[in-house]
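If you use the numbering used here, the sequence shown corresponds to residues 41 to 500, in order.
Encoded as structure tokens, the structure appears first; notes follow it.
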Amino acid sequence: MVNHSPAFLHGDPGTAERQWVDDTRWADVAALTLLNEGHLERVVVVSAHPDDETLGAGGLIAAAAAAGLRVDVVVLTDGEASHPDSPSTTPARLAAIRRSEMRAAVHHLSPGSTVIFADLGDGRLTVSLAEAVSTLVDVIGEDGRKTLLVAPWRGDRHPDHEAAGRAAAIAAERTDARLLEYPIWLWHWAAPDDAPWAAMRALALPPAARTTKEAALACHASQVRPLSQAAGDEVLLTADLLAHFHRDREVFVQPDLADGPEKVDSAFDDLHHENHDPWSVMTSWFERRKRALTLAALPDEHYGRALEIGCSLGLLAGDLATRCDELVALDRSDVAVERARHRLSDAPNVQVEAAVVPRDWPSRTFDLVVVSEVGYFLSPVELDGLLARVRDTLAPGGHVVLCHWRHPIVGWPLDGDRVHDLWRAASEQDPLVAHRERDFILEVHAHPGSPAPATEGERR
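As structure tokens, then:
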């Protein structure tokens, strides 16, 4: 999806709009239908800089608002670096100007919309990717299943646009939002043969919508007109460039139509590459004590077959291996899996596998399933899927262990308490074991329909 070719210069001669208009492949570009999906309640539009939202998705914003959908616009930078050599306007002053222009433009398109300014630094989105992801996840929250997330196209060859698109793609994965991308600079640097025609969808703009979009675009005066007549204050968006955005349609790239799956969120591989022990599980007394409490909470002394979701470096897996005949330990990070396999190479009853749950799942039943410090690293839909997988593969009389940190999880929509609340509500039964501290919560659930375990007094 991302094109790593060298970036263009906006002042370079670009592809004429006539060359795009005359291409016969437009006849095969289907209409965009995502706004018509009945479950959709909200549209979140991501802008790398003030004006991107109007250029690439102004018509869509207006159409969504007219359809009664809630529309929020998130601008990741203030665009303060658009005129680095300006003799008349400092970056701070330009940032203030562009914020005001942004509010006015969005008001034209969708008067009830909220504009959220992330202020991550123009030209620095690549190094602020994690902050951009967190901003978008916080805006979407747990409503991703009802949200269309619209962002710059990751193939646009502008570093900030690519970073904004990547942040949106990661946020969409983590929140279950539907993703749609809009090209801007593609129309300038590319020839028609470079366009991703198969994944493109068009939103028709009737005359009234085009008029509204043009009025919104005029609000971005610092970009469509010179700041002054002095050198360094030249107009940024020339007439030739703007011609691409006066069309009777807006064009979007629908990533799920592109050829081939792409692993977008590499956070866990990156984390394990950067730090040999990212959660201090090998050195922290807190982690050692938590593992000991987890083992002590197991109702049975020994289990036949056990499954651990999110084994990381394999320390808990090593302990669990002493309490079961066979253990399957899964992790989504290839780096973590390699290290866990090395650590557990002397444990013949342990099998460590790379898996993205709940999509990847062993085809067998288990007497024990352990979900430790991983539930909040799933999207809400993935957590639902994990619960269903566990319900289907937990053997009668089996147990499920949940253990999670109770503090905010930056960059993800769920936290530990929320994971346990959702699991408890879905299981429709109280846990057999419940241990809650300031920093973590530990619960053990029984297989649905299993009789309550005998008390020690009943055993005697």
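Beta carbons: idealized from backbone N, C-alpha and C, even for Gly.
In this structure, DSSP gives Leu370 an extended state, which the three-state scheme calls strand.
Within the same chain, Cβ atoms closer than 7 angstroms to the Cβ of Leu418 are found at Leu426, the five residues on either side in sequence being excluded. For Trp237, the closest of Pro199, His284, Val291 by C-alpha to C-alpha distance is Val291. Here Val86 is near Ala204, since their CB atoms are less than 8 angstroms apart.
For Gln391, the uninterrupted beta strand (DSSP E) run begins and ends at 390-394, by DSSP. Here the alpha carbon of Leu276 sits roughly 25 angstroms from the alpha carbon of Val293. Per DSSP, Ile210 is not a residue of any beta strand (DSSP E); the alpha helix (DSSP H) it occupies stretches across 199-215. The alpha carbon of Asp178 has as its nearest neighbour, out of Val114, Glu202, Pro151, the alpha carbon of Val114. Here Tyr222 is bridged, per DSSP, to Pro192. Secondary structure remark: continuous beta strand (DSSP E) runs of at least 3 residues inside the stretch 414-465, in chain order: 434-445. Spatial neighbours of Val411 in its own chain (CB-CB distance under 6 angstroms, excluding positions within 5 residues in sequence) are listed in chain order as Ile349, Leu442. The three-state reading of DSSP puts Asp400 in coil, since its state is none of H, G, I, E or B. The continuous alpha helix (DSSP H) containing Phe308 extends over residues 307-314. Each residue's CA atom was taken as its position, placing Arg431 and Gly119 some 50 angstroms apart. Rounded to the nearest whole angstrom, the CA to CA distance from Ser403 to Leu347 is 12 angstroms. For Val155, the secondary structure class from DSSP, reduced to helix, strand or coil, is strand. Runs of the alpha helix (DSSP H) spanning 4 or more residues and lying entirely within the stretch 116-150 occur at 131-149, in chain order. Judged by DSSP secondary structure, Val173 falls within the alpha helix (DSSP H) whose first and last residues are 169-180. Separation of the CB atoms of Ile481 and Gly456 is rounded to 6 angstroms, and the pair is thereby assigned contact status at 8 angstroms. The C-beta distance from His313 to Val375 rounds to 6 angstroms, short enough to meet the 8 angstroms contact threshold. According to the DSSP assignment, Arg328 belongs to the alpha helix (DSSP H) that extends over 325-337. When the beta-carbon positions are compared, Arg214 and Pro53 stay at least 8 angstroms from each other.
Boundaries of the beta strand (DSSP E) around Leu482: 480-486. In terms of Cβ geometry, Ala97 and Ala256 do not form a close pair [threshold 8 angstroms]. Spatial neighbours of Asp317 in its own chain (CB-CB distance under 8 angstroms, excluding positions within 5 residues in sequence) are listed in chain order as Thr323, Leu353. In the structure shown, the three-state DSSP call for Glu57 is helix. Contact between Ala361 and Leu370 does not hold, since the beta-carbon distance rounds to 14 angstroms and is not under 8 angstroms. Per DSSP, the unbroken beta strand (DSSP E) holding Asp407 starts and ends at 406-412.
Out of Ala56, Leu282, Leu80, the CA that lies nearest to the CA of Ala107 is found in Leu80. Put simply, the backbone Cα of Arg139 is about 7 angstroms away from that of Pro90. Annotation for Val69: Trp237, Met240, Arg241, Ala242, Val291 place their beta carbon closer than 8 angstroms to its own, counting only its chain and skipping 5 residues before and after. Take Ala435, set aside five residues on each side of it, and the residues of its chain with a beta-carbon closer than 6 angstroms to its own are Thr405, Asp407, in chain order.
By the 16-neighbour rule on beta-carbons within 10 angstroms, Leu297 is exposed. When the five nearest sequence neighbours on each side are left out, the beta carbons in the same chain lying within less than 6 angstroms of the beta carbon of Glu393 are those of Leu370, in order along the chain. Ranked by how close their Cα comes to the Cα of Thr94, the residues Pro388, Ala209, Glu254, Trp60 have Glu254 in first place. Between the beta-carbon of Trp401 and that of Arg429 there is about 5 angstroms, and that keeps the pair under the 8 angstroms contact cut.
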